[in-house]
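Chains as they are written, first to last, in the numbering used here: chain A, 122 to 420; chain B, 382 to 611; chain C, 2 to 265; chain D, -13 to 437; chain E, 31 to 232; chain F, 63 to 393.
Glycine is no exception: its CB is placed at the ideal position from the N, C-alpha and C atoms.
Some notes on the structure that comes next.
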Amino acid sequence: MIFVTIGLAAGTMLVMALVFSYILGWANTAFHVETDPRIDAVMDALPGANCGGCGFIGCGEYAEAVVGGNAQVNKCPVGGESCAASLAQIMGVELGAALPYRPIVHCGAHYEDRLGRTEYHGEQRCGAANIVADVQGCTYGCLGFGDCVSACNYDAIHVVDGLATVDYEKCVGCGACAKVCPRNIITITPFKAERVLAVTCSNKDKGKDITKVCTVGCIGCGACARASDLFTIKDNLSTIDYDAYDPSCGADVMKACEKCPRKRIVFVGKSDSDDVAEFSGDVVEPDFKTTVDDTEWRG
Amino acid sequence: MTTTTQETPGSGKNRWTNFFIVQAWLVLLLASFFGAALAGIQLTLAPKIEANKLNETLEKVPELILGADAARASKDSGQQMEINRQYMTAGTKTYSVFKAEKDNQTAGWVVKASGQGYADKIELLVGVDETVNTITGLFVLDQKETPGLGNKIMEPDWRRQFVSKPTHLLLTAVKTKADGPGEISAITGATISSKAVCDIVNQSLNNLRQPLAKAASDKKKPSEKQQEKN
Amino acid sequence: MNYLIDIMLIAVSAALINNFVLYYFVGICPFIGVSRQIDMAVGMGLAVTFVISIAAFLSWTMTTMVLIPAAPLTAWIGGFFMSPEAAAKIDLTILSYIVYIFAISASVQFVEMYVRRFFPALYKSFGVFLPLITTNCAILFACLTIMSNVSGVDNPADAWDLGRSLTLAFFGGIGFTIAIVIMAGIREELDFCDIPPALRGAAITLIVAGILSMAFMGFTGVDTGLKNALKSDSAAQIDPKPIPKDESPLTSVIIGETDKKEWS
Amino acid sequence: MAKKLEQFTGSGTFPKGIHPPERKHFSADAPIEVVPTPKEVLLPLQQNIGAPSKPLVKPKQEVEYGDLIADNEEAPISAKIHSPIFGVVQKMAVTTLPNGRHMQAIRIKAAGRQFTDEENYRELMGGKWPKSVVGYDPDEVTRAIHDAGIVGLGGAAFPTHVKIAPISLRVDTLLVNGCECEPYLTADDRVMRDIPDTIISGALLSRFAMGLKDIIVGIEENKPRAIEAIRKSAAGTDIKIAVLKTKYPQGSEKHLIKAVLNRVVPLGGLPADAGVAVSNVTTISAVARAVFRGMPLTHRVVCVTGGGVVQPKNLLVPIGISYRELIEFCGGFTKDAARILSGGPMMGFSFSDLDMPLTKGTGGVTVLTHDDIKKQKETACIRCGRCVDVCPMNLVPARLGLASRHGDLAMAEKYRIRGCVECGCCAYACPANIPLVQLIRMGKAQIAAKR
Amino acid sequence: MADQPTAFERFTQGILPENPVYRQLLGLCPVLAVTNSVQGAMTMAGAVLFVLLCANVIISLIRDLLKPHLRIVIFTLTIATFVTIVDRFLAAYMYQMSKNLGPYIPLIIVNCIIICRCEVCASKQSVFTAASDAVGQSLGFALALASIASVREILGTGMFFGFRVLPEMWPDWVIMVLPPGAFLTFGLLLGAVNWVAARKKG
Amino acid sequence: MSETTSEKQSANDATRDVPVIQVGHSPHIANVSFTSRRMMIDVLIALLPVAAMSIYIFQLYAVKQMAICLAACLLTEAVFVKMRNHSFSLTDCSAAVTAVILGLSLPATAPWYVGVIASVVAIGIGKVIFGGIGMNLFNPAMVGRAFVMIAFAGVMAASGYESMHTGIDAITQATPLNAFKQMGISTSLKDLFFGFTNGSLGETSALACLIGGAYLCIRRTASWEIPAGLIAVVLIMGGLADIMGNASDWTVIHHLFSGSLLFGAFFIATDPVSSPITAKGKFIFGAGIGFFIMILRFFSGYPEGVMFAVLLMNAVTPLINRWTIPKVMGE
């Protein structure tokens, strides 16, 4: 009795295991579907608990999202950091040579610099204020209602005295702020060093019109362009050729900065480092790029 | 684990049809090993579990038949009670019936009855005397009634109402004070649970009264007689 | 007729009154994880319903054919080694958990591969949920409930047949679907709510589930009520009058062995 | 209630909508006055829907009244721009318009003799207007409209020559829109009352040019004088007049068509898809002027009104005049003036820079007082559904606003954000004072930016 | 592969920083189902400890033999075996408790905590680390269960571990021992834990 | 941030001699006579006859219960709003509405702690957790009531109504629904209509509910679609039961006037925040509540189902909203 029961139990299990593993093994080859090998690699690196904690439907879905670039590598609560690290390794091949991208706010006017501001009633959002005329004189400058602040997941941008200001210590360059800015004054720019030069104005109007609305805006005088080849005046606005930009900033470039009558050419980046320090932050490539050229012609 | 010394066969060699199974050798091995181990555990523990299950009911039998005080007294005095379990089919239902014998005399019967309560099934033990004329006790084995309301059917004070109620009357739960012979005063706010208990008792006793009385009237050991009949 | 009413009561009970998620807390993981969008929730719910039905079929079959004492298959094989009476007593129910979980995971995986290979569109909308279901307690819970109703009953006549088992499983799945879809609808709405940061995500989902659970408690007793309404004559079957003196023949039959308990 | 209109298939009104206070009394009884020629005008290069025009004049060039100064030959949907004064072209300037658009503009400084007010009035409005189209052919009419640079003067500023052309056989009716449902504004009312003949002639010409069957003039019943004037002027022609219930936004072309003809313009479609051409009364009168007198669109009737101006008036003004001059002509602001609007209070754009020029599409300048714009503080949406009850487009503005506010563009699209005509009924009715229209416009802008 | 945490780290992580219930949200079915009394909760925690420990040790022993596509099957098999053992032992020696816990003991099989620990730790690290991980995680689990169960039992019955702690006049909050109470308690406690964690972070 | 901006600006403007010109978005005028706060006050006004009736019948009990709820709700709201640093305050009256509805839905003899706990749960879990007024997905009062109903079943269920001495002698001890469900006794229609019965404070008088409800519907503060759908379904289901069922003298009209059906239909279900937004959705919502009320009344263990029905339909409101997106004109 005892032995038969034990034997039967073992036998039952054995038979069941046999049947299932045969069927599954066969199905695995018979129903094979070609997939991106990286998906399998990611799948292997994932715990396979299928708990759904990542917000995706099981590990397979998450693996696909990671490989497809639709998900961050650190979403798996089960695998934790080690899993994230190995996923980054699998996916990291492509990220290797990319430059770090960081946002630059192309406006330098604080509250007192803006002329012609009007009492504005309505939704206190940049996107909403942007469709109302005459909220402030400058139709290009930062509206200061902080759409970018609420878009940032890293608490890395704040409105300081009416001007969006990036905290480069916290910024990871995801580009959310640039995406949301209705006036497109935030651009995602390759940072060749911890601090780079930037023209902090987007106003393309003529100098005379600008002086009416802003005390600091670029008037397109061309002093910088005359001093250095790095700068060109386009649409009454000084622009920097970042392809040719060299972090070491030669004397002519520094001279251009000095020459600028409105001091719109400034270094942006981490505040406590030297001007030319090598970049050492996180490398996140934005999935899009904006330029000042896209700035809308809207009030 | 002895299995760690084995090697994986099949890799790199010709692929036979049962390749998948070969791959799964560890699964197979573990499966059969675990199966066997569990069967062993089953054989060891099963009697104890069975006994537990039975004890849960059997322990209540003396109390249900003799009443709590008498049961304790007889327990203290070291008296014994022999309890037999039988299955009885009556009406459409089959009941577990426990026959308690004391000093080779039928002391009473305990019927395990169940029915729908307010929330879920209610399982009761109903004790009756040997002539099946009065109820000697009621115990709630299992219930999922609303805590604080329906689950008051478990309280001894309420259950005590059933003691010495005649079995030939249908018990009814009344909201007022119970004064009629077949009346049980319902738990305030849990009339449904109270009713359910009454219904279960009514139905089971109605079904079993006759057969039990018949069995009891046989002075011989009923179990043997039944078996002979079969 | 009574059978149909039984089935109906099981269905109502499984889907609403004793909802798997809101009453038994099984399947909480996907309930929280995959309830952010209605489309996903519907897919998940249907996938669970599908798998739970398959699992119920498999587990009922395995239980009645192999595991319980006197199961035909076991008894037959055992019969080669021992007397039929002894063989009928072989109890393999201890294997039930392993067997169920094995059956569930294997069938889920098989269905997933099959759907993925031959119905890619279906897989996209529904198959992706399948792997997540293996570790869904709801499936195993359904199997366990079926088992306890097949082997755990005192009276073999009360044991559930396949129809009841499948009903429980299917409507349990439907109940899961109802709960998760409602939750998904609410969570889509919650995206617009100003919830305290600490409560966002799982915490608020649980609190909403608590409120939902309160709402579903209103169904308590509906099955009793339905049963009474449908079987309105069954309650009245009991004859209120004392039983007449002429005793009808004894109907009781002793089925089991008598268990003796020495009580001291 | 919903009494059917006689002669017409429509019921005379449309479902939902609101009844804002009309407040037309400010300027309703002020006849059209002519504003003296300003010292300079600023003509933005794009005053219409479609492509901007290109300047045809150079700085320091002298131009005469009615000279073509900007055009875009390449773009079919564009309008010519003419000088409204004699003068000298200045350097190109950049200006912002009240609707937020930012564009280049031609500045012309007045020089030499100008027309007097009487001459202006006589040329543009006075005299007899023939009620027959004998001697014209459709192409000629269309060309005259094109050359005159006429755009829809009701506000949308869609180039009229594109609309009034023998386009399609499906279109059978010309609907002349004289509803002017915006509170405060009376320009159209005044045009109908003062110069109904131009409207009748223009309508006949337009129908002739498009080869249509019927002309229906739709006027809200709160303008009995205008109805009478038009009826009198239309006597002897087959022009029908539909008197419509007063309800905002009856002047929206979709709702006008629904009210008069019980036809529905498909979502995202044009009135032509419903077999109707809709034109504003002032546009139609400009057509008459262009065809019969060869006058380009250099002037228009503007209503300067509201509690914030000292003397509300209806004015005939040269296009390109600055708002400052208009306000000053009307006596300036009162003390409690709070908000200047280009257009009416429901759909107009607010601005503060009075040096902005008036464009072709602007039919009114409303100056509201602090009392008018007093709003309660915004509170949370309690989903009362008022906005749903009033939305004439049958949208769910609360959900649209919510979606836009949270940047959920997918949901905004699901709730058909593109169906919104920005009439402002929802925000008017909202008990929580949520700026729904602004939010919806923001959402639309976000969707457009995403594309 | 990045550095694996040491045995001690594994142990401490499980208790608070990576608490399986509050931080990872795993194994929620028992968390909600058996926490209406502290006794039941602790029994459940003990059962989980046993299963997790055994499973982790076994998996860690055979970790070199695992094949990717079959590892989950083996995990499940092992876990199910030990769960069955626990279940039977409870039935044999703590019958009333086993009855109270009902199906939730067998449901440990599909408790994500165990399969996750097998995956994350046991299948990669040595037996000792796996064991300490199992103990750490189980302690974390027990802690979470205890916290929820205490609230529910005290408020719901005025008792703690079966002893009356609140005065007799305390009106029992019956809802706390019912399903809604489980959801609400856990939701609010989870919120509180998040809040504390967020404050700690800065 | 915006506040300071405009303040600064106003200061600047004050120094100018031209009028203050501001900008904003269209429409520039609004219907200022009708605000959210006004809607809440409307509800309070509509509740007056109900409250008066309850005070007439239950006398001090009613006053005590409402006072407890009012105090507890307002206090809770104040505390939570402060904790969350929200700007809006008690002045929007929504907490008061919740409090009065909650108070009126409790049995008169419920102990003080029931009202307090119900209020805290209603405001805390029912409302503030979701972000305050306008964001609560469930009717706060019903969340609070459901909580105490389940938590303190002993004092909230039938027994809660029986241990009371009311001002009106004619009132039987059990609530009409309970009396019928458990003992098959039906109450006279006249008593049900005028409210000389036992029950929760606000639910007894059908007449008072109808008066208040009519006011709400006429003011358009409550959408008529919800009570219409609810009552229609109740009539249909009750009527069917009358036709099919055994000849009991508890008719569909009894169903309509008894329990908190009318109170729920006009005051609870019409809570705009937790009901659907479109007219069609509202009708479906009301119909769903009616359906569940009747199902629960017929079959469930509870004599009354309004509270659960409302919560259930609140839960599916997002789904109803999703399914009843109206067709845009021209679509």
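- In summary, Glu287 of chain F is buried, with 16 or more beta-carbon neighbours lying within 10 Å of its beta-carbon over all protein chains present.
- Distance from Ser39 of chain D to Asp57 of chain D at the Cβ level is roughly 5 Å; contact confirmed, criterion being Cβ atoms closer than 8 Å.
- Look at Phe352 of chain A: its C-beta is not under 9 Å from any C-beta on chain C.
- Per DSSP, reduced to three states, the secondary structure at Phe32 of chain C is helical.
- A straight-line Cα-Cα distance of about 20 Å links Phe177 of chain C and Pro136 of chain E.
- Collapsing the DSSP output to three states places Asn163 of chain D in a strand.
- Here Ile202 of chain D carries a strand assignment [DSSP, helix/strand/coil].
- For the C-beta of Met137 of chain A, the chain C residues within less than 7 Å are, from N- to C-terminus, Val100, Phe103.
- Proximity of Ile91 of chain F to chain A, defined by a Cβ-Cβ separation below 9 Å, is not satisfied.
- Following the DSSP letters along the chain, one finds Lys325 of chain A in no beta strand (DSSP E), marked with neither H nor E.
- The beta carbons of Ile309 of chain A and Tyr222 of chain A sit about 5 Å from each other, so the pair counts as a contact at 8 Å.
- Note that the C-beta distance between Pro202 of chain F and Ile185 of chain F is below 9 Å.
- Gln54 of chain E sits in coil when the DSSP states are folded into three classes, being neither helix nor strand.
- By the neighbour-count definition (other C-beta atoms within 10 Å, threshold 16), Glu379 of chain A is an exposed residue.
- Taking C-beta atoms under 8 Å as the contact rule, Lys441 of chain B and Leu506 of chain B qualify, at a distance of about 6 Å.
- With a contact defined as Cβ atoms closer than 8 Å, Val337 of chain A and Gly229 of chain A qualify at about 5 Å.
- Taking 8 Å as the cut-off between beta carbons, the residues of the region 236 to 259 of chain A near chain F are Arg238, Thr239, Glu240, Tyr241, His242, Gly243, Glu244, Gln245, Ala249, Ile252, Val253, Ala254, Asp255, Val256, in sequence order.
- Contact between Cys148 of chain E and Thr159 of chain E is ruled out by a C-beta separation of about 13 Å, above the 8 Å threshold.
- In the structure shown, Lys430 of chain D adopts helical secondary structure according to DSSP, grouped into three states.
- For Leu426 of chain B, the nearest beta carbon of chain A is not closer than 9 Å to its own beta carbon.
- Within a 10 Å sphere around the beta-carbon of Ile305 of chain F sit fewer than 16 other beta-carbons, which makes this residue exposed.
- The beta carbon of Pro73 of chain C sits no closer than 9 Å to any beta carbon of chain A.
- If you look at Arg310 of chain D, you'll find it in the alpha helix (DSSP H) that goes 309 to 315.
- In this structure, Ser545 of chain B sits away from Ala554 of chain B, with a CB-CB distance that is not shorter than 9 Å.
- Among the CB atoms of chain F, none fall inside 9 Å of the CB of Ile175 of chain C.
- Taking CB atoms only, Val85 of chain F has no neighbour in chain E less than 9 Å away.
- Annotated three-state conformation of Asp57 of chain D is strand, per DSSP.
- Take the alpha-carbon of Gly416 of chain B and the one of Thr569 of chain B: they are about 52 Å apart.
- With its beta carbon less than 9 Å from one in chain A, Gln423 of chain B belongs to the interface.
- Per DSSP, the unbroken beta strand (DSSP E) holding Trp490 of chain B starts and ends at 486 to 497.
- Each of D:Ile420, D:Pro421, D:Lys400, D:Cys416 was checked against the Cα of Ile433 of chain D, and the nearest Cα belongs to D:Lys400.
- For Ile179 of chain C, the uninterrupted alpha helix (DSSP H) segment begins and ends at 163 to 191.
- By the CB criterion at 9 Å, Ile71 of chain D and Thr23 of chain D fall inside the cutoff.
- Taking the beta carbon of Leu388 of chain D as reference, the chain C residues within 8 Å of it are Phe193, listed in sequence order.
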